[in-house]
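To keep things clear, I will list the structure first and then write my remarks on it.
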Amino acid sequence: MFDLGLACENLSLRAYDLGLGTVIVGLCDHAALGRLIGLPGGYQAVVVIPVGRPASPGKQGPAKKDPAQCCHLNRFGQTWADRQD
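Heads up: the sequence shown begins at 1 in the working numbering, then just goes up one per residue.
The following block contains the structure:
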């Protein structure tokens, strides 16, 4: 699954470079998806990544959190801002 995550990230980043948008969808009926796209036995659909042109160019998702709110240094609760250089 680690390699799958890297592949999804790389595909999404390349699509962005080309002006395309993506959404990584992991929650779906995997068996139905496999039947829909004709997967042979022994294969399993794990994620779907729709690729297309965004309806609103430049529109982004919600603002990202300040890393100081979600990144920890050495211990949970100790932020980068708290460090003593």
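Idealized CB from N, CA, C, for every residue including glycine.
Exercise. Could you give the C-beta distance for Thr-22 and Leu-36, rounded to a whole number, given that I count them as a contact under 8 Å?
Worked result: At roughly 19 Å, the Cβ-Cβ gap does not stay under 8 Å, so Thr-22 and Leu-36 are not in contact.
Exercise. Can you name the residues that DSSP bridges to Val-48?
Worked result: Paired residues: Val-25.
Exercise. By DSSP, does Arg-75 sit in helix, in strand, or in coil?
Worked result: Note: Arg-75 maps to strand in three-state DSSP.
For this session: Identify whether Leu-13 lies in helix, strand or coil by the three-state DSSP scheme.
Result: helix
For this session: Answer yes or no: do Ala-15 and His-30 have a C-beta to C-beta separation smaller than 7 Å?
Result: Cβ distance not < 7 Å, so Ala-15 and His-30 don't count as in contact.
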